[in-house]
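Numbering (this note's numbering), first residue to last: 49 to 296.
A short worksheet on the structure shown next.
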Ligand SMILES: [Zn+2]
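This is the structure:
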């Protein structure tokens, strides 16, 4: 027994030392390998764009002729921009290379997730967009109504920044959100507001509860998509949602 014990100790020491050497060697080998892979993956020439005040990803994508538009631009620069595509800061450097390259496949799936859009509320469509009527100051309905009882969760249709949240005349309690593509979504007649101006929201995030505040005949969500934060710059909300893959 003592003899065996004597033999065991040096053996285990030798194994420990060998393992330490192996891992040190492994680490030394791994670093140059990573470096080489990085060098091959990097584009030959890199085109960067410096963000100016007032820029949106959509604006830059159009001006710089980025294939795939702002979504590709966002995907190629997600590590710099972060999870909120609506927030780009002046001075930020964006690469146009990855965005312009056609056939980038690996990033497509995550692009769908991070820039995904959702319905603003679960409810039936009421008064449609562009219905004519004297009760609207523009002569037609500037949004789409979703018929839902007071207290139903209202969700941001896409990631963005809250531009305003508060009372706005006939709209009652209203939230306006700016999205990465430069468009605005508006949610009106809410019974309570769950967000405030300047706040970043994600797609599907609850922004308040539906209600019947403002000029209404009953509780519903009045939902608009606009090209500016102001009344009168409306687009077809359902067409916009469908363009973003929402079944509505
Ligand atoms: Zn309406």
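Glycine included, every Cβ here is placed at the ideal spot set by N, Cα and C.
Is any heavy atom in ligand 1 found nearer than 6 Å to the beta carbon of residue i?
i	result
residue 191	yes
residue 178	no
residue 227	no
residue 270	yes
Can you tell me whether residue i is helix, strand or coil according to DSSP?
i	result
residue 211	strand
residue 300	Nothing about residue 300 can be reported from this structure: the residues present for the chain run from 49 to 296 only.
residue 193	strand
residue 277	coil
residue 154	For residue 154, the predicted structure reports a pLDDT of 44, less than 50, and the residue's modelled location is therefore unreliable. A value from the coordinates is still provided. Correct three-state label for residue 154: coil.
residue 188	strand
residue 172	strand
residue 272	strand
If you follow the beta strand (DSSP E) that residue i is part of, which residue opens it and which one closes it?
i	result
residue 127	Residue 127 -> not in any beta strand (DSSP E); alpha helix (DSSP H) instead, spanning 126–129.
residue 232	232–238
residue 201	201–203
residue 96	96–98
residue 255	254–257
residue 225	221–227
For the candidate residues the options, whose alpha-carbon lies nearest to that of residue i?
i	options	result
residue 47	272, 281, 203	Residue 47 lies beyond the range of the chain shown here (49 to 296); nothing can be said about it.
residue 295	221, 113, 109, 165	165
residue 243	233, 216, 256, 288	256
residue 232	134, 98, 97, 128	134
residue 184	292, 284, 279, 293	279
residue 101	95, 115, 121, 138	138
residue 140	118, 125, 188	125
residue 221	206, 241, 204	241
residue 265	230, 115, 218	218
residue 171	267, 261, 179, 114	267
residue 236	263, 247, 254	263
Since residue i is in the alpha helix (DSSP H), which residue starts that stretch and which ends it?
i	result
residue 288	285–291
residue 143	Taken as a continuous stretch (DSSP letters only), residue 143 belongs to no alpha helix (DSSP H), being part of the beta strand (DSSP E) at 141–143.
residue 108	105–111
Could you round the C-beta distance between residue i and residue j to whole angstroms and report it? I think they count as a contact, below 8 Å.
i	j	result
residue 191	residue 270	5 Å
residue 200	residue 142	Between residue 142 and residue 200 the Cβ distance is about 39 Å, and since that is not below 8 Å, they are no contact.
residue 228	residue 105	5 Å
residue 198	residue 131	Actually they are not in contact, since the Cβ atoms of residue 198 and residue 131 sit about 32 Å apart, beyond 8 Å.
residue 103	residue 136	6 Å
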